[in-house]
Amino acid sequence: MLTYKSILYQDKREYSYIDLEKVALDMGGDLDNLPYSIRILLESLLRKEDGDVVRKHHIENLMHYQAVKPRGEVPFKPSRVILQDFTGVPVVVDLASMRDAVVTNGGDPELINPEIPVDLVIDHSVQVDCYGCETALEENITK
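For the sequence shown, position 92 (counting from the first letter as 1) is numbered 92 according to this note's numbering, and the numbering increases by one without interruption.
Structure, rendered in structure tokens:
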């Protein structure tokens, strides 16, 4: 397995990070010409490299990324998922339905869980029709 983890010391604290410059030197890549989105994917692959799903050749292919000549597939293993309410609510409903089906068939509903952390963001706006007077709250609640 490749090891490009480095440590940064700042204010008596220790931070670990993936040193993409080291990766570029070792693999003959040009980090300065890689789009930022590809750098993020590259760092993710380096963190998730397991020799099975994410292998050295995946990392090398991404290090030498060229938009006009893609070189194979890129395993995508996010560390978390953020769902916005319009897309997230159906996911929650699907998970609940699957859990119900498992229970109906005598199984353990705890087996139906996302494999990575998921955050559901509910962002509903409040409509304000009346403001700046003593009855504003009451008027907005009744509408």
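Glycine residues also receive a C-beta, built at the ideal position from the N, C-alpha and C atoms.
CB-CB length for Pro-75 against Leu-45, believed under 8 Å = As a working mapping, residue 75 is identified with position 75 in the sequence shown. As a working mapping, residue 45 is identified with position 45 in the sequence shown. 7 Å between Cβ atoms; contact.
Would you mind listing the beta strand (DSSP E) stretches within the region 107-139 that are 3+ residues and don't spill past its ends, in chain order?
-> 118-121
Neighbourhood of Asp-30 by C-beta distance below 8 Å, restricted to the same chain and skipping five residues each side = Position 30 of the sequence shown holds residue 30. Cβ neighbours of Asp-30 beyond the five flanking positions: Ala-24.
Bridge-paired residues (DSSP) for Val-93 | Position 93 of the sequence shown, counting from 1, holds the residue named residue 93. None; Val-93 has no bridge partner.
Where does Glu-14 sit, in a helix, a strand or coil, going by DSSP?
-> Here residue 14 corresponds to residue number 14 of the sequence shown, with the count starting at 1. If DSSP states are grouped into helix, strand and coil, Glu-14 belongs with the strands.
Counting Cβ pairs, one atom from each stretch, are 3 or more of them under 8 Å apart for the region 104-123 and the region 85-96?
-> They touch, by the three-pair rule.
For Leu-83, I'd like the list of residues in its chain whose CB is within less than 8 Å of its CB, leaving aside the five on either flank, ordered along the chain.
-> Taking the sequence shown and counting its residues from 1, the one referred to as residue 83 is at position 83. Same-chain partners within the cutoff: Val-91, Val-118, Asp-119, Leu-120 and Val-121.
Where do the ends of the beta strand (DSSP E) carrying Val-145 lie?
-> This structure cannot settle anything about residue 145, because the visible part of the chain is limited to 1 through 143.
Over what stretch of residues does the alpha helix (DSSP H) that includes Asp-26 continue unbroken?
-> Translated into the one-based positions of the sequence shown, residue 26 becomes position 26. Where Asp-26 is concerned, the enclosing alpha helix (DSSP H) stretches over 20-27.
For Tyr-131, count neighbouring C-beta atoms within 10 Å of its own C-beta (all shown protein chains included) and say buried if the count is 16 or more, exposed if not.
-> Indexing the sequence shown from 1 puts residue 131 at position 131. The residue in question, Tyr-131, is exposed, as its Cβ has fewer than 16 Cβ neighbours within 10 Å.
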